[in-house]
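Everything in the sequence shown is counted per this note's numbering, starting at 141 for the first residue and increasing by one.
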Amino acid sequence: MSVALILASKGHDVTTIQPHRTMQEAAATLAEKGIGAVIVTGGDGEVLGILSERDIVRAVGRHGVAVLQESVSKFMTSKVVTARMDEAIDTIMEQMTAGRFRHLPVIHNGRLAGVVSIGDVVKHRLDAIESEHRAMREYIASA
Numbered sequence: 141m142s143v144a145l146i147l148a149s150k151g152h153d154v155t156t157i158q159p160h161r162t163m164q165e166a167a168a169t170l171a172e173k174g175i176g177a178v179i180v181t182g183g184d185g186e187v188l189g190i191l192s193e194r195d196i197v198r199a200v201g202r203h204g205v206a207v208l209q210e211s212v213s214k215f216m217t218s219k220v221v222t223a224r225m226d227e228a229i230d231t232i233m234e235q236m237t238a239g240r241f242r243h244l245p246v247i248h249n250g251r252l253a254g255v256v257s258i259g260d261v262v263k264h265r266l267d268a269i270e271s272e273h274r275a276m277r278e279y280i281a282s283a
């Protein structure tokens, strides 16, 4: 099972924000969309970073609410781990667990093609296990 399978079912929509936008704008976007992270992109769509709810909370906790008027670029994670469409779901699950992050931008042909969350990964893994379980029951019942 690959990342492409997850994106085929959930879609390729990605919420992005520009690096000069404020942390307040980013927080409002996250709240409005009901998502946990936004991808920070340049004018050409290049992935510059990622900003999560966790990043915002940590920034406010360390520096106070004044950071909400600062630019996203000051607090985003700039060393973004990305995935390819052909990567195995087990591989990205291991990366996300080891790196302790919950969102993984997907790059295809040099462009942002989607975002996979740990929730997406777990859902697809559970669906696969259930499918295997069902097939095994059917096999046993027909034997």
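Here a beta-carbon is modelled for each residue, glycine too, at the ideal position from N, C-alpha and C. None of these values were measured; they are calculated from a predicted model.
Candidates Ala268, Ser282, Leu266 and Val246, of which the one nearest Gly151 by Cα: In the sequence shown, counting from the first residue as 1, residue 151 sits at position 11. Ranking the options by Cα distance to Gly151, first place goes to Val246.
Helix or strand or just coil, what does DSSP make of Ser257? Counting from 1 along the sequence shown, the entry for residue 257 is found at position 117. Of the three classes helix, strand and coil, the one that applies to Ser257 here is strand, per DSSP.
Helix, strand or coil for Ala92? Go by DSSP, reduced to three states. No answer is possible for residue 92: it lies beyond the span of the chain, which begins at 141 and ends at 283.
According to DSSP, simplified to helix, strand and coil, what is Ser142? Your numbering for residue 142 matches position 2 in the sequence shown. Correct three-state label for Ser142: strand.
Pair within 9 Å by beta-carbon distance, His273 and Ile190: In the sequence shown, counting from the first residue as 1, residue 273 sits at position 133. In the sequence shown, counting from the first residue as 1, residue 190 sits at position 50. It is not a contact, given that the beta carbons lie outside the stated cut-off.
In DSSP terms, what Pro159 is bridged to: The sequence position of residue 159 within the sequence shown is 19, counting from 1. According to DSSP, which records beta bridges pairwise, Pro159 is partnered with nothing at all.
When the Cα atoms are used, what is the spatial distance from Asp260 to Ile229? Indexing the sequence shown from 1 puts residue 260 at position 120. Indexing the sequence shown from 1 puts residue 229 at position 89. For Asp260 and Ile229, the distance between alpha carbons rounds to 10 Å.
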